[in-house]
Amino acid sequence: MSNYRVNAAACALLEESILGWGASLVGFADLIGAVSPPISEWPGAVSMAVALDPAALEGVRDGPTADYYNEYNRVNRALNEIAGRTAELIYGLGYRAEPFPATVPETWQAGEWTKTLSVAFQHKTAATRAGLGWVGKNALLITPRFGPRVRLATVLTDMPLPVGESITAGRCGKCSACARACPAHAIEGVEWQAGVDRDVLVDARACWESARCLLHERVGVDNAVCGVCVSVCPVGRRE
Ligand code: B12
């Protein structure tokens, strides 16, 4: 995605609007060469993050809590709302735009995705390309300000954007707190590089099975939400 046709005033309006609607972080990503069909028809993306309320994570030590699950739902709703408004604003500026949902919608629950635990587009790809953070040993986006305590959404677009500097390697260093704490023993403790297979970092099937079981036992809900690898990361933690 080239920067030369960027309308600086329109991009500033976009960024200000997204932050005004409640996003904690926003960035612009060049997707060329980073994604596969059908997503590769989109040259760029707006990546946005909403920070989790630290209070909702306080009780998350060895598994999920009702507070964390409620916060997960609140933030997903907020992200989907902000992404929808962002797409409308981009349309109004004369470009195409498509929001990608924060998480797997209810209508997909019985779909193919549970076989691969993977969907057509990963929000973390847009986020690292926008320079919002790196992928940690826990396979989550780690932002300098909030650590992994953010949830993400993306609006795919053909609007020319002043794209951020892509981050292509992990910055966890010697820390492997997530790997030690994971109740599923699913995290390998390996530093990320852009393009590395997810399975090198995390056993997604073990995570999914453990998270479903723990959430069912502790909160009485059928979903795969845990939060331990989010909660224990020291980056961006406010003591
Ligand atoms: C399916 C899914 C799962 C599955 C599989 C997890 C996984 N790691 O793939 C299960 C059910 C196990 C799961 C669990 C969790 N999930 Co989940 N999950 C998703 C979902 C819906 C799709 C992910 C997917 O397609 N994975 C396939 C693999 C290949 O991709 P990935 O690991 O997500 O991302 C890779 C690429 O982005 C790549 N990448 C990054 N930058 C670049 C750049 C280039 C150039 C290239 C080539 C590649 C590349 O590296 C990443 C790491 O492998 C996303 C939402 C979305 N659409 O992104 C949420 C999402 C990834 N989940 C999220 C969270 C928080 C969780 C949990 C903590 C549960 C919870 N809420 O408590 C755990 C953590 C698991 C873990 N440590 O990985 C958040 C992550 C937020 C963050 N800070 O990063 C997301 C983004 C949802 C959201 N809207 O915020 N999840």
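Just so you know, my numbering puts 106 at position 105 of the sequence shown, and the rest follows in order with no gaps.
We put the CB at the ideal spot given by N, CA and C, even for glycine.
From a predicted model like this one, the values you see are computed outputs, not experimental measurements.
Using the Cα positions of residue i and residue j, report the straight-line distance between them to the nearest angstrom.
i           : j           : result
residue 200 : residue 117 : 11 Å
residue 226 : residue 161 : 36 Å
residue 143 : residue 234 : 9 Å
residue 87  : residue 195 : 27 Å
residue 137 : residue 78  : 25 Å
residue 30  : residue 131 : 4 Å
residue 171 : residue 135 : 5 Å
residue 129 : residue 164 : 11 Å
residue 32  : residue 169 : 13 Å
Flag residue i as yes when its Cβ comes closer than 6 Å to any non-hydrogen atom of the ligand B12, and as no otherwise.
i           : result
residue 1   : In the structure displayed, the chain extends from 2 to 240; residue 1 sits before or after that span and is not available.
residue 87  : no
residue 47  : no
residue 138 : no
residue 124 : yes
residue 1   : There is simply no residue 1 to check, as the chain begins at 2 and stops at 240 in what is shown.
residue 152 : yes
residue 176 : no
residue 172 : no
residue 234 : no
residue 141 : yes
residue 162 : no
residue 199 : yes
residue 156 : no
State the DSSP-derived secondary structure class of residue i, mapped to helix, strand or coil.
i           : result
residue 237 : coil
residue 60  : coil
residue 28  : strand
residue 164 : coil
residue 100 : strand
residue 136 : strand
residue 93  : helix
residue 15  : helix
residue 48  : strand
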